[in-house]
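Report on the structure given below.
Residue numbers (the working numbering), protein chains in the order written: chain G, 1 to 104; chain Y, 1001 to 1301.
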């Protein structure tokens, strides 16, 4: 993983994290929006400008890849590099959570 | 009779897209629904029921190139696509401004990304125009001479002031943009010394440019190469700091040419007087300021 990816994505935004988390299964932008809304009980509603920008940026950086188009919606899936970034983030958040629990 | 459509002219500089959004919402509240915009800033509306509608602008060239899926993503999320204008895509959604769900960006990072796209797409071309057209034209059309009988003088001066005005507008746009960027970047990455240093540098550069242009004009219009008592067909040429000022004056035998070099113009000046199209009959170099008087004698010497 090169320095640029680390600088941009570690730590990453909540939006970025949920996108990678969801794209472990192929999905399109609006599918991710719905999924995130569901798993956060409606607290997080990702917006189209953010979603479109993030997906194209992540595709350019090789974190996700375009698979196919379905009814004018681009379907993406996470890449190996994306998986590495996601793992780094998961470990960071786990530690954050663990420390929060211990210090509370 | 009231028409069913209306056109309003508005000019927004690059960082003012939020004012533009508010303008469109206000029009909608008054019963005018935005339909499209045309160059250079005509906003077209059609009559509608007054209502609260949120307008949002996105700047995404990739989205415009992949229009179908771009618009699909927005319409899936409840945004109606209206049109593109000047690189921006216009969207609207029924409902009042200010609710979080009525935004197209949900975090500052992506809003900053949009600002960066605007920077690459709109500000960088402006910087290129500024550096390659406006500044050279300003320097070329502002000769170090303001007094004298000169047919080009007024046209030059007008051009000089037009480019001065443009330079000021550009620098203003750059300043406002820098302030907007600073605000967003501070919000996203926190107020670190690095960011402050970066924007301090940019603002210092802009202030230095303004000061530089100011000094340039002050020096230009303060300094004068005064030429008096001129009468028949000679060309007076003054060269200073690689800028050549060629002017035609009507000089004749017995005339006195007086050059007044102000303190500010001290430096190497080269002066020549010649009949049109001929070798100089007279030339002189001078290094100090003060008055120099030349009398035109035989053969223009």
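Don't be surprised by glycine CBs; every beta carbon is placed ideally from N, CA and C.
For residue 1020 of chain Y, collect the residues of the same chain with a Cβ closer than 6 Å to its Cβ; drop the 5 residues on either side in sequence, then sort them by chain order. Looking up residue 1020 of chain Y in the second chain gives position 20. Counting only Cβ-Cβ distances below 6 Å, and skipping sequence neighbours, we find 1012.
At the 8 Å Cβ level, is residue 1240 of chain Y part of the contact set with chain G, yes or no? The residue labelled residue 1240 of chain Y in the question sits at position 240 within the second chain. With a pLDDT of only 43 at residue 1240 of chain Y, under 50, the local geometry of the prediction cannot be trusted, and the value read off the model is given with reservation. Judged by the 8 Å Cβ criterion, residue 1240 of chain Y is not in contact with chain G.
Would you tell me roughly how many angstroms separate the C-alpha atoms of residue 1263 of chain Y and residue 1166 of chain Y, rounded to the nearest one? The residue labelled residue 1263 of chain Y in the question sits at position 263 within the second chain. The residue labelled residue 1166 of chain Y in the question sits at position 166 within the second chain. Its pLDDT being 44, under 50, residue 1263 of chain Y is placed unreliably by the model, and nothing is read from it.
Quick check on residue 1104 of chain Y: does DSSP put it in helix, strand or coil? Taking the second chain and counting its residues from 1, the one referred to as residue 1104 of chain Y is at position 104. In the structure shown, residue 1104 of chain Y adopts coil according to DSSP, grouped into three states.
Residues within the segment 1063-1089 of chain Y neighbouring chain G, beta-carbon criterion of under 7 Å: Result list: 1063, 1068, 1069, 1070, 1072, 1073, 1074, 1076, 1077 and 1079.
Three-state secondary structure assigned by DSSP to residue 1038 of chain Y: Along the second chain, read from residue 1 onward, the residue named residue 1038 of chain Y stands at position 38. In the structure shown, residue 1038 of chain Y sits in a strand (DSSP, three-state: E or B).
Closer than 8 Å to chain G by CB, residue 1110 of chain Y: Taking the first residue of the second chain as 1, we reach residue 1110 of chain Y at position 110. By this cut-off, residue 1110 of chain Y is an interface position.
Identify whether residue 74 of chain G lies in helix, strand or coil by the three-state DSSP scheme. For the purposes of this step, residue 74 of chain G is taken as residue 74 along the first chain, with counting starting at 1. The answer is strand: DSSP assigns residue 74 of chain G an E or B state.
Using a Cβ-Cβ cut-off of 8 Å, state whether residue 1058 of chain Y counts as contacting chain G. Here the question's residue 1058 of chain Y lines up with position 58 in the second chain. Residue 1058 of chain Y counts as touching chain G.
Chain Y residues whose Cβ lies nearer than 8 Å to that of residue 46 of chain G: Taking the first chain and counting its residues from 1, the one referred to as residue 46 of chain G is at position 46. Going along chain Y in sequence order, the residues near residue 46 of chain G (Cβ under 8 Å) are 1106.
Test item: CB-CB of residue 86 of chain G and residue 75 of chain G under 8 Å: One-based indexing of the first chain puts residue 86 of chain G at position 86. One-based indexing of the first chain puts residue 75 of chain G at position 75. Here residue 86 of chain G is not near residue 75 of chain G, since their CB atoms are 8 Å or more apart.
Of all the residues that make up the segment 1111-1123 of chain Y, which are near chain G by a beta-carbon distance shorter than 9 Å? For the segment 1111-1123 of chain Y, which is checked against every Cβ of chain G, the residues closer than 9 Å are 1111, 1113, 1114 and 1117.
Could you name the residues of the same chain whose beta carbon sits closer than 7 Å to that of residue 1075 of chain Y, not counting the 5 residues immediately before and after it, in chain order? Residue 1075 of chain Y sits at position 75 when you count from the first residue of the second chain. Listed in chain order, the non-local C-beta contacts of residue 1075 of chain Y below 7 Å within the same chain comprise 1081, local neighbours out to five positions each way being set aside.
Cβ-heavy atom distance between residue 99 of chain G and the ligand NAD below 7 Å? Among the components modelled here there is no ligand, and therefore nothing to report on the ligand NAD.
To which residues does DSSP link residue 68 of chain G through a beta bridge? Reading the first chain from its first residue, position 68 is the one you call residue 68 of chain G. Per DSSP, G:75.
Proximity below 8 Å, CB of residue 1122 of chain Y to CB of residue 1215 of chain Y: Numbered from its first residue, the second chain carries residue 1122 of chain Y at position 122. Numbered from its first residue, the second chain carries residue 1215 of chain Y at position 215. Result no, Cβ atoms of residue 1122 of chain Y and residue 1215 of chain Y do not sit closer than 8 Å.
Residues of chain G with a CB under 9 Å from the CB of residue 1103 of chain Y: which are they? Reading the second chain from its first residue, position 103 is the one you call residue 1103 of chain Y. Ordered by position in chain G, the residues that pass the 9 Å Cβ test against residue 1103 of chain Y are 47, 49 and 50.
Taking just the CA atoms, how far does residue 15 of chain G sit from residue 1106 of chain Y? Here residue 1106 of chain Y corresponds to residue number 106 of the second chain, with the count starting at 1. Here residue 15 of chain G corresponds to residue number 15 of the first chain, with the count starting at 1. C-alpha separation (whole angstroms): 8 Å.
For residue 18 of chain G versus residue 36 of chain G, is the C-beta spacing smaller than 8 Å? In the first chain, the residue the question calls residue 18 of chain G occupies position 18. In the first chain, the residue the question calls residue 36 of chain G occupies position 36. Against a cut-off of 8 Å, the Cβ pair of residue 36 of chain G and residue 18 of chain G comes out as a contact.
Is there a Cβ from chain A that is less than 8 Å from the Cβ of residue 30 of chain G? The structure shown contains no chain A; its protein chains are G and Y.
Does the beta-carbon distance from residue 29 of chain G to residue 55 of chain G come in below 8 Å? Here residue 29 of chain G refers to the residue found at position 29 when the first chain is read from its first residue. Here residue 55 of chain G refers to the residue found at position 55 when the first chain is read from its first residue. Taking 8 Å as the Cβ cut-off, residue 29 of chain G and residue 55 of chain G qualify as a contacting pair.
So, at 8 Å on beta carbons, what are the nonlocal neighbours of residue 11 of chain G in its own chain, with the 5 sequence-adjacent residues on each side left out? The residue given as residue 11 of chain G occupies position 11 in the first chain. Result list for residue 11 of chain G: 89 and 92, in chain order.
Taking Cβ-Cβ distances shorter than 8 Å, what residues in chain Y pair up with residue 13 of chain G? As a position in the first chain, residue 13 of chain G is number 13, starting the count at 1. Neighbours of residue 13 of chain G on chain Y, chain order: 1107, 1109 and 1110.
For residue 56 of chain G and chain Y, any beta-carbon pair shorter than 8 Å? The residue given as residue 56 of chain G occupies position 56 in the first chain. Judged by the 8 Å Cβ criterion, residue 56 of chain G is in contact with chain Y.
If we count the other Cβ atoms within 10 Å of its Cβ and call it buried at 16 or more, is residue 1218 of chain Y buried or exposed? Translated into positions along the second chain, residue 1218 of chain Y becomes position 218. Classification of residue 1218 of chain Y: exposed, given that the 10 Å Cβ count is below 16.
Residue 1042 of chain Y vs residue 1027 of chain Y beta-carbon contact at 8 Å: Here residue 1042 of chain Y refers to the residue found at position 42 of the second chain. Here residue 1027 of chain Y refers to the residue found at position 27 of the second chain. In this structure, residue 1027 of chain Y does not lie closer than 8 Å to residue 1042 of chain Y by Cβ.
Whole-angstrom distance between residue 96 of chain G and residue 43 of chain G, CA atom to CA atom: Looking up residue 43 of chain G in the first chain gives position 43. Looking up residue 96 of chain G in the first chain gives position 96. Each residue's Cα considered, the two are about 21 Å apart.
Find the nearest neighbour of residue 8 of chain G within the set Y:1113, Y:1023 and Y:1057, judged by alpha-carbon distance. As a working mapping, residue 8 of chain G is identified with position 8 in the first chain. It is Y:1113 whose Cα lies nearest to the Cα of residue 8 of chain G.
Hey, would you say residue 1119 of chain Y sits closer than 8 Å to residue 1170 of chain Y, going by beta carbons? Reading the second chain from its first residue, position 119 is the one you call residue 1119 of chain Y. Reading the second chain from its first residue, position 170 is the one you call residue 1170 of chain Y. Not a contact, by the Cβ cut-off of 8 Å.
Residue 1047 of chain Y in three-state terms, based on DSSP: Here the question's residue 1047 of chain Y lines up with position 47 in the second chain. In this structure, residue 1047 of chain Y counts as strand in the three-state DSSP scheme.
Using 8 Å for Cβ pairs, my map puts residue 1124 of chain Y next to residue 1089 of chain Y. What's the rounded Cβ distance? The residue given as residue 1124 of chain Y occupies position 124 in the second chain. The residue given as residue 1089 of chain Y occupies position 89 in the second chain. Not a contact, Cβ separation roughly 20 Å.
Considering only C-alpha positions, which residue in the set Y:1189, Y:1127, Y:1115 and Y:1093 is nearest to residue 1060 of chain Y? For this step, residue 1060 of chain Y is matched to residue 60 along the second chain. For the set Y:1189, Y:1127, Y:1115 and Y:1093, the Cα lying nearest the Cα of residue 1060 of chain Y is the one of Y:1115.
Residues near residue 33 of chain G in its chain [Cβ-Cβ closer than 6 Å; skip 5 each side]: Position 33 of the first chain holds residue 33 of chain G. Closer than 6 Å at Cβ, skipping near neighbours: 46.
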